[in-house]
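Chains V and G, in that order, give the protein sequences. For the first sequence, the working numbering begins at 1 and goes up steadily by one. For the second sequence, the working numbering begins at 500 and goes up steadily by one. Don't be surprised by glycine CBs; every beta carbon is placed ideally from N, CA and C. Notes to accompany the following structure.
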Amino acid sequence: MTIKRICILGGGTGGWMTAAGLSNKFNDLGVSIDLIESDAIGTVGVGEATLPHIRFFNKTLGIDEREFMRATRATFKLGIEFCDWGQVGDSYIHPFGDYGEPINGVDFHHFWLRLLQNGHKSRLDDYSYPVLAAESGKFQLPGPDCLKIGSNFGYAYQFDSGLYAELLRRYSENRGVKRTEGKAIGATQNTETGLVDSIQLENGSQINADLFIDCSGFRGVLIEQLLQTGYEDWSEWLPCNRAVAVQCESAGPSLPYTRATARDAGWQWRIPLQHRTGNGYVYWNKYISDDEATHQLMSTLEGSALTEPKQLYFKTGKRRKLWNKNVVAIGLAGGFLEPLESTSIHLIQEGITALIELFPNASFQASDANEYNRRMDLNFDRVRDFLLLHYVATQRDDTDMWRYFRNMTLPESLQEKLEAWNTRGYLLRYEQGVFLPPSWVAVMAGQNLLPSSYDMRANQMSDADLLGMTTAIRRDSQAAVNETPDHGAFLADYMGATS
Amino acid sequence: MSAGKSVQKIAIFGNGLAGLLCAAKLVQILPAAVELIYVEETKASDTDDLFGTVTSQTIYEFFLGLGIYEPDIVQQTNSSFSLGTQYKNWGPENRSWTQSFYRSLPAYNGVGFHHYLTRVNAASKNTADIQPYIMSVQAAQAGVFAHPPEGKNIPLADVEYGYHFDADMWRKTIRNVVKSSNVTWIQSDVLNATWRRETLRSVSLSDGRNIEADFFIDALGPNSELATGRASPEATGRQLKATKSFVPSETLGGTCRILTGTPNGWTSETPLQNGTTVLTVFDSNFDGKSVENPTTQRPLAFDVTLGRQLTPWSGNCLTLGHGAARIEPLTPAPMILLQRDIDRLAELLPVTEKMRVESREYNRRFNADYDHAELFQSAFYMSDISQETADSNAVTNSPPDQKLLNKIIQFKSRGVLVQYDYEPFTERDWTVLYFGLGFYPDRYDPLADHIPDSQLKHRLAQMRTAIEIMVKKMPPHHIYMTGLLKYLKEKNG
């Protein structure tokens, strides 16, 4: 008994990404896909900045990069610049790529630490081509030789997620997805199994399906309002619960990175697109009023505001089960983690990928959902720890919010990671989870958390050899950056060229 | 917070393979300022045979990290090439299959190969096996060998290999490697160890010497004198005994170990250059009944209680080898895990006398590695399960691990491979094992339907044929080995 009908409730980024991902795979396998969307309900448009994984998603769909970038007014993204996180006045870039390269199987940062602890100071950033390129506002696509400096990095995009949803809508409708304009007002469940049978719309019609994807946003119309799945509240660790967002005119050169600036009661994002800049202030309302947050945001815009500031309310956490009965929650209906590391769209992508890989049949065995939930729980848990790291790996204690983090009892998983790093620059690894060791190094070193020792194996090389080697890496990285065009010029050229 | 005194002296106490391999590794990675002492007990370990007779494909790189190269291994230790283990007469269904080492199976359109096989089976109401599609399985069953070429698009490039070995021979060779290094070599017996709370202060030896060090490695086995007076929590399992014999032969045998199930254990035949090692392993208390030595004419090669310490690294002393863990040599797991223990230690070598972070992380990963290797091995002892009886139907009479059940249920219900962090056995190993044990998926990934039937059948037939042709071109193990040894001899004059 295979699934014949899928119904996606909600458009927006999550809904249309899901529709595109599923229609690409199931279009010619006799599976129908309906998407219910109401023009009357606005979309949140989560995260305009992405992680490199999005490229794989687009590639799987067969979407041409240039076409995508033109349609979504996208810019390239080499990483995120974090300002004022370790201490006020500090900044660092978390790049998509390694620092240096391992020597005899030992991670490069141990050699850097050895030099540092022996009086040879250098910036870890100087061993990263993407950081240096970002700092200079430069960009080019990685070359084919992925071992070469200047080619061994990842990149992502900053784009208009509303336009991305439109692009994916066209894509999906071309592959048979049927969009129904309307507002869901109810649903029916099988009295025996509890499986959802159909969704009722305001206009009196109903849509039947075997599998429902809840992309209805924070409300979680099916997963929560109907099935009452429950929510794991993570406010204890990530207490920011509101945001205000506004778009403004861009000023200055086009930058290939996102910026996240720590503030007194949260942090502020800046996401440069081709035609405008996205801005927002994520904050904890315990320590700042909505009006004050809006005021602070508006007073720091680089250009004239293009929209009215938009207020968002959220509670950090995730559903107890992202897949319950025959409902899979994707996007904000599944959970919310603040977009400090651009994970919102990534978690949507992970949800779609896992659903495709673990696609059920119409019997909906409990084991189908269990494995999906296990994987997605790991994804959420590990992103949570990484986000929290930014708030606790800091010397800041200048406001009530920062003092709150200073006195917090950390999740054990994060506590152990911090101790292992502080003691000897060791990184607790896991095989599943989006942020790999170099990301942890970027944030911990970037926020001035320096280990008191390093891996003993880094002592094997002589001082002279090590100094020679590290000097060469810095020189080669800088040389590669010198050869790289400005981001704005590259982008214009790339957009203008036909694929 | 003071950083604590730095580690300047490390002492290994050993009597067998574990301590020597560890010493060989540390010699390669320790900075010159750190002294390494190796204290060898006069009596050699009586449990080294518990490391088994086969390695996995990971041994090659591990040896490279020790500065030991393949020519040394084949020229000095009678070792031969191993493509895996052929299991025969296994379990209540008397199943037979070959677990071999390979790089990958093709994933058409991103859908795992086994889904296509399931699709073909569903259509034909058959249970076609995965074995004909794995080059190393076919080469193992034919007893042929050749080194896999790099970067060539032929079936042989998919092959990976380990070694068949004899623990005594390896001990001798690695002992020479360690002795000729800059290690401080002492041969003496341990009289007693002086502990102050969690810290091992010194070890007095029968030759009157007293060894002090910042960090100790205890590789003296389950009855180590160093562990006296130190209680550490253990997880224990079955009691396992084994006899070992060697059948000399002028001609090297095949390229896999043959392991045959018996009513209360198993017997393995491992081809070495000069003959075959026969290891007969039996559970001395099988199904609650006492089992006698089935080969009374031979003495026991080992007699151990399986199990492990939960905190092998405690204070400034790490227990390595059979003092830390004893597992059944049913698969290459014992050697894989020893390698992983040594590699893990290398990553976590303590820098100062404060080593709480290092020991906690070592123990965490140690337990994850062993737990997951045990899942693989205990799967061998599970009969076919259905979801209804999932929690009550294990041959070993102990409740099956939830993780293992999850793995098997996911594969059996729809061919999904579940992997956890820190798994010594790969998805490839698990795939072959599931098929070998008869855990065929009930359904396949619907995306496998994208390829038309005729095209799929054609591709599968092509794969089988390419492998068959390749196997026919490959030389028998003994001819390849003779040629290799001759070449190495001529090369070295």
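Q. Of all Cβ atoms in chain B, is any one closer than 9 Å to the Cβ of residue 838 of chain G?
A. Among the protein chains in the structure shown, which are V and G, there is no chain B.
Q: Using a Cβ-Cβ cut-off of 9 Å, state whether residue 404 of chain V counts as contacting chain G.
A: no
Q.
Would residue 846 of chain G pass as an interface residue toward chain V - the criterion being a Cβ-Cβ separation below 9 Å?
A. yes
Q) Who pairs with residue 693 of chain G in a beta bridge, going by DSSP? A) G/701
Q: Would you decide whether residue 972 of chain G is buried or exposed? Buried here means 16 or more other CB atoms lie within 10 Å of its CB.
A: exposed
Q.
Whole angstroms are fine: how far does the CA of residue 943 of chain G sit from the CA of residue 654 of chain G?
A. 26 Å
Q | Which residues DSSP lists as bridging residue 94 of chain V, in chain order | A | V/80
(Q) For residue 835 of chain G and residue 555 of chain G, which I take to be in contact (beta-carbon distance under 8 Å), what is that distance rounded to the nearest angstrom? (A) 5 Å
Q) Is the stretch 668-687 of chain G close to the stretch 511-524 of chain G, with three or more CB pairs under 8 Å? A) yes
Q) Applying a beta-carbon distance threshold of less than 8 Å, which residues of chain V neighbour residue 851 of chain G? A) 453
(Q) Would residue 301 of chain V and residue 246 of chain V qualify as a contact pair, given that the criterion is a beta-carbon distance under 9 Å? (A) yes
Q) Do residue 145 of chain V and residue 264 of chain V have their C-beta atoms closer together than 9 Å? A) no
Q. Does DSSP classify residue 53 of chain V as helix, strand or coil?
A. helix
Q: Output, in sequence order along the chain, the residues in the stretch 555-587 of chain G whose CB is closer than 8 Å to any CB in chain V.
A: 564
Q. From residue 631 of chain G to residue 458 of chain V, what does the alpha carbon distance come to, in whole angstroms?
A. 46 Å
(Q) With the cut-off set at 9 Å, would you say residue 380 of chain V and residue 392 of chain V are in Cβ contact? (A) no
Q. Is it true that the stretch 410-417 of chain V meets the stretch 283-297 of chain V, where meeting means three or more beta-carbon pairs spaced less than 8 Å apart?
A. no
Q. Exposed or buried, which one is residue 905 of chain G when buried takes at least 16 other CB atoms within 10 Å?
A. buried
Q | Sequence-distant residues of the same chain with beta carbon closer than 8 Å to residue 738 of chain G, five excluded per side | A | 782, 783, 784, 802, 803, 804 and 805
Q | Beta-carbon spacing of residue 843 of chain G, residue 864 of chain G below 9 Å | A | yes
Q. When the Cα atoms are used, what is the spatial distance from residue 421 of chain V to residue 427 of chain V?
A. 6 Å
Q.
With a threshold of 9 Å between beta carbons, is residue 26 of chain V in contact with chain G?
A. yes
Q. Which of helix, strand or coil does DSSP assign to residue 6 of chain V?
A. strand
(Q) Any C-beta of chain V within less than 8 Å: which residues of the stretch 943-970 of chain G qualify? (A) 944, 945, 946, 948 and 949
(Q) Contact between the stretch 813-824 of chain G and the stretch 700-720 of chain G is defined here as three or more beta-carbon pairs at a separation below 8 Å; is this criterion met? (A) yes
Q: List in chain order: all unbroken beta strand (DSSP E) runs of 3+ residues lying wholly within the stretch 262-312 of chain V.
A: 266-272 and 277-283
Q: Compute the minimum distance between the beta carbon of residue 184 of chain V and the heavy atoms of the ligand MG, and state whether it is under 8 Å.
A: The ligand content of the structure shown is nil, which means the ligand MG is not present either.
Q. Three or more C-beta pairs closer than 8 Å, one from the stretch 959-975 of chain G and one from the stretch 926-939 of chain G: is that the case here?
A. no
Q: Can you tell me the Cβ-Cβ gap for residue 387 of chain V and residue 338 of chain V, rounded? I've got them flagged as a contact below 8 Å.
A: 7 Å
Q) residue 31 of chain V to residue 235 of chain V, Cα distance in whole Å? A) 40 Å
Q) What residue range is occupied by the uninterrupted beta strand (DSSP E) comprising residue 364 of chain V? A) Run containing residue 364 of chain V: none; DSSP gives neither H nor E here.
Q) With burial defined as no fewer than 16 other Cβ atoms inside 10 Å of the residue's Cβ, what is the status of residue 552 of chain G: buried or exposed? A) buried
Q) What does residue 912 of chain G reach in chain V if we use C-beta pairs closer than 8 Å? A) 365, 367 and 368
Q: Can you give me, in chain order, the residues of the stretch 417-432 of chain V that have a beta carbon less than 9 Å from any beta carbon in chain G?
A: 419, 420, 422, 423, 424, 426, 428, 429, 430, 431 and 432
Q.
Using beta carbons (cut-off 9 Å, strictly below), is residue 412 of chain V in contact with chain G?
A. no
**Q.** Alpha carbon of residue 311 of chain V to alpha carbon of residue 297 of chain V, nearest angstrom
**A.** 12 Å
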